[in-house]
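Same order as they appear, the protein sequences are chains H and R.
Taking the working numbering, the leading residue of the first sequence gets 1, the next gets one more, and so forth.
Taking the working numbering, the leading residue of the second sequence gets 113, the next gets one more, and so forth.
What follows is a single structure, written as structure tokens, with notes after it.
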Amino acid sequence: EPEVTQTPSHQVTQMGQEVILRCVPISNHLYFYWYRQILGQKVEFLVSFYNNEISEKSEIFDDQFSVERPDGSNFTLKIRSTKLEDSAMYFCAKVDRGGELFFGEGSRLTVL
Amino acid sequence: AQKVTQAQTEISVVEKEDVTLDCVYETRDTTYYLFWYKQPPSGELVFLIRRNSFDEQNEISGRYSWNFQKSTSSFNFTITASQVVDSAVYFCALSEAENTDKLIFGTGTRLQVFP
Numbered sequence: 001e002p003e004v005t006q007t008p009s010h011q012v013t014q015m016g017q018e019v020i021l022r023c024v025p026i027s028n029h030l031y032f033y034w035y036r037q038i039l040g041q042k043v044e045f046l047v048s049f050y051n052n053e054i055s056e057k058s059e060i061f062d063d064q065f066s067v068e069r070p071d072g073s074n075f076t077l078k079i080r081s082t083k084l085e086d087s088a089m090y091f092c093a094k095v096d097r098g099g100e101l102f103f104g105e106g107s108r109l110t111v112l
Numbered sequence: 113a114q115k116v117t118q119a120q121t122e123i124s125v126v127e128k129e130d131v132t133l134d135c136v137y138e139t140r141d142t143t144y145y146l147f148w149y150k151q152p153p154s155g156e157l158v159f160l161i162r163r164n165s166f167d168e169q170n171e172i173s174g175r176y177s178w179n180f181q182k183s184t185s186s187f188n189f190t191i192t193a194s195q196v197v198d199s200a201v202y203f204c205a206l207s208e209a210e211n212t213d214k215l216i217f218g219t220g221t222r223l224q225v226f227p
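Written out as structure tokens, the structure reads:
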């Protein structure tokens, strides 16, 4: 059973539309992360989220992006107005007690 | 600045061959962490190992082994007796003490194991 579940597994959207990607960790954790992987490229850090606040974000994480934990369990990444270059695999991650970073199975976003 | 270099873009081997995936890193920190992840064709990122900078002992887990050498800033990964199921992209990553969960990834090495 995956420790982090992500939905949707694949979303196709039109440019300019809002997208919400969801992450549900199996157990209670305070730290969450979003990473992104453009097809065929390396994985890049987007944002870390601790105790319901952003603790760090990368240059990629501009004003079009936001994260929140609306109901204490789901952890969401919102892209307000998608661009073609937002097409990528988005990974949610959490840290295990041993300091190991476990990734979800990813949500593939395709922007047309 | 932190950087991870995986110079091998793609490696092809025949089943049962041993294969080593290279990883060279750059960091100014004395405390840091190194990781390897496997990304099979299905796309998920599978955690393989996390090693801190103070632990230079080589690690073996089944057919997998890791060789950490601070003197050359390398953290190489060897698969012994490769199998077709080992075919995947393998990523090496680095994080630093100040933010241990912010990983800097290399560009990955695609391993193809042929029967």
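Note that beta-carbon positions come from the ideal geometry of N, C-alpha and C, so glycine has one too.
Source: prediction; values computed, not measured.
Item checked: Interface residues of chain R facing Phe45 of chain H [CB-CB closer than 8 Å] -> As a first step, residue 45 of chain H is located in the first sequence; it is residue number 45 there, counting from the start. The contacting residues are Lys214, Leu215 and Ile216.
Next item on the list: Flag this pair as touching only if the region 9-27 of chain H and the region 90-108 of chain H have three or more C-beta atom pairs under 8 Å; answer yes or no.
Entry: yes
Next item on the list: Report the residues of the region 198-209 of chain R with a CB closer than 7 Å to any CB of chain H, ordered along the chain.
Entry: Phe203
Next item on the list: For Ser55 of chain H, collect the residues of the same chain with a Cβ closer than 6 Å to its Cβ; drop the 5 residues on either side in sequence, then sort them by chain order.
Entry: In the first sequence, the residue the question calls residue 55 of chain H occupies position 55. Hits under 6 Å: Ser48.
Check: On the three-state DSSP scale, how would you describe Ser183 of chain R?
Finding: Taking the first residue of the second sequence as 1, we reach residue 183 of chain R at position 71. DSSP places Ser183 of chain R in helix when its eight states are reduced to three.
Item checked: Proximity to Ala200 of chain R [Cα-Cα], best of R:Asp130, R:Tyr145, R:Lys150 and R:Glu129 -> Numbered from 1 along the second sequence, position 88 holds the residue referred to as residue 200 of chain R. For Ala200 of chain R, the nearest C-alpha among the options comes from R:Lys150.
Next item on the list: Establish whether the CB of Val67 of chain H and some CB of chain R are separated by less than 8 Å.
Entry: Position 67 of the first sequence, counted from the start, is the residue given in the question as residue 67 of chain H. Not one chain R Cβ lies under 8 Å of Val67 of chain H.
Check: Buried or exposed: which applies to Lys214 of chain R, given that a residue is buried once 16 or more other Cβ atoms fall within 10 Å of its Cβ?
Finding: Counting from one through the second sequence, the residue named residue 214 of chain R turns up at place 102. Lys214 of chain R comes out buried.
Checklist line | Of the listed residues R:Glu129, R:Pro153, R:Pro152 and R:Asn188, nearest to Gln169 of chain R (C-alpha basis) | finding: Here residue 169 of chain R is taken as the residue at index 57 of the second sequence, counted from 1. The candidate whose alpha carbon is nearest that of Gln169 of chain R is R:Asn188.
Next item on the list: For Gly42 of chain H, go through chain R and note every residue whose CB falls closer than 8 Å to its CB, in chain order.
Entry: The count along the first sequence starts at 1 and reaches residue 42 of chain H at position 42. Rather than Gly, the amino acid found at residue 42 of chain H in this sequence is Lys. Residues of chain R passing the Cβ test: Phe203, Phe217, Gly218, Thr219 and Gly220.
Margin query: By DSSP's criteria, Met89 of chain H is part of a beta bridge. Which residues make up the other side?
Written below: Within the first sequence, the letter at position 89 stands for residue 89 of chain H. In the DSSP output, where bridge partners are listed per residue, Met89 of chain H has H:Gln37 and H:Arg108.
Next item on the list: List the whole-angstrom C-beta distance separating Tyr145 of chain R from Arg162 of chain R, where the pair is believed to meet the contact cut-off of C-beta under 8 Å.
Entry: Start at 1 with the first residue of the second sequence, and residue 145 of chain R comes out as number 33. Start at 1 with the first residue of the second sequence, and residue 162 of chain R comes out as number 50. About 6 Å separates the two Cβ atoms, so the contact holds.
Notebook entry, point to check: For Thr110 of chain H, which option in H:Thr5, H:Ala93, H:Tyr31 and H:Arg36 has the closest C-alpha, if you only look at C-alpha atoms?
Noted result: Reading the first sequence from its first residue, position 110 is the one you call residue 110 of chain H. Nearest option by C-alpha distance: H:Arg36.
Next item on the list: Could you tell me which residues DSSP pairs with Arg162 of chain R in its beta bridges?
Entry: Taking the second sequence and counting its residues from 1, the one referred to as residue 162 of chain R is at position 50. Partner(s): R:Phe147.
Next item on the list: Taking Asp213 of chain R as part of the beta strand (DSSP E), name the residues at either end of that continuous run.
Entry: The count along the second sequence starts at 1 and reaches residue 213 of chain R at position 101. That run of the beta strand (DSSP E) goes Asn211 to Phe217.
Margin query: Can you give me the C-alpha to C-alpha distance between Val43 of chain H and Ile216 of chain R, rounded to a whole angstrom?
Written below: Walking along the first sequence from the start, residue 43 of chain H turns up at place 43. Walking along the second sequence from the start, residue 216 of chain R turns up at place 104. Straight-line Cα distance between these residues: approximately 8 Å.
Note to self: 8 Å is my cut-off, CB to CB: does Arg162 of chain R come that close to chain H?
What the structure shows: The count along the second sequence starts at 1 and reaches residue 162 of chain R at position 50. Arg162 of chain R counts as touching chain H.
Next item on the list: From the DSSP output, in three-state form, read off Leu206 of chain R for me.
Entry: In the second sequence, counting from the first residue as 1, residue 206 of chain R sits at position 94. Reduced to three states, the DSSP call for Leu206 of chain R is strand.
Notebook entry, point to check: Looking only at C-alpha atoms, which of R:Thr184, R:Thr139 and R:Val158 sits nearest to Ala113 of chain R?
Noted result: What you label residue 113 of chain R is simply residue 1 of the second sequence in a count that begins at 1. Ranking the options by Cα distance to Ala113 of chain R, first place goes to R:Thr139.
Checklist line | Straight-line gap, Ser186 of chain R to Thr117 of chain R (C-alpha atoms, nearest Å) | finding: Numbered from 1 along the second sequence, position 74 holds the residue referred to as residue 186 of chain R. Numbered from 1 along the second sequence, position 5 holds the residue referred to as residue 117 of chain R. Ser186 of chain R and Thr117 of chain R: Cα-Cα distance of roughly 9 Å.
Check: Leaving out the 5 sequence neighbours to the left and right, which residues in its chain are closer than 8 Å to Thr190 of chain R when beta-carbon positions are compared?
Finding: Numbered from 1 along the second sequence, position 78 holds the residue referred to as residue 190 of chain R. The residues are Asp130, Val131, Thr132, Leu133, Tyr176, Ser177, Trp178 and Asn179.
Next item on the list: Output, in chain order, the set of chain R residues within a Cβ distance shorter than 8 Å of Glu56 of chain H.
Entry: Taking the first sequence and counting its residues from 1, the one referred to as residue 56 of chain H is at position 56. Per Cβ cutoff of 8 Å: Asn211 and Lys214.
Checklist line | Cys23 of chain H - containing beta strand (DSSP E), residue span | finding: Against the first sequence, residue 23 of chain H aligns to sequence position 23. Residues Val19 to Pro25.
Note to self: Can you tell me whether Leu157 of chain R is helix, strand or coil according to DSSP?
What the structure shows: Against the second sequence, residue 157 of chain R aligns to sequence position 45. Leu157 of chain R: coil per DSSP, three-state reduction.
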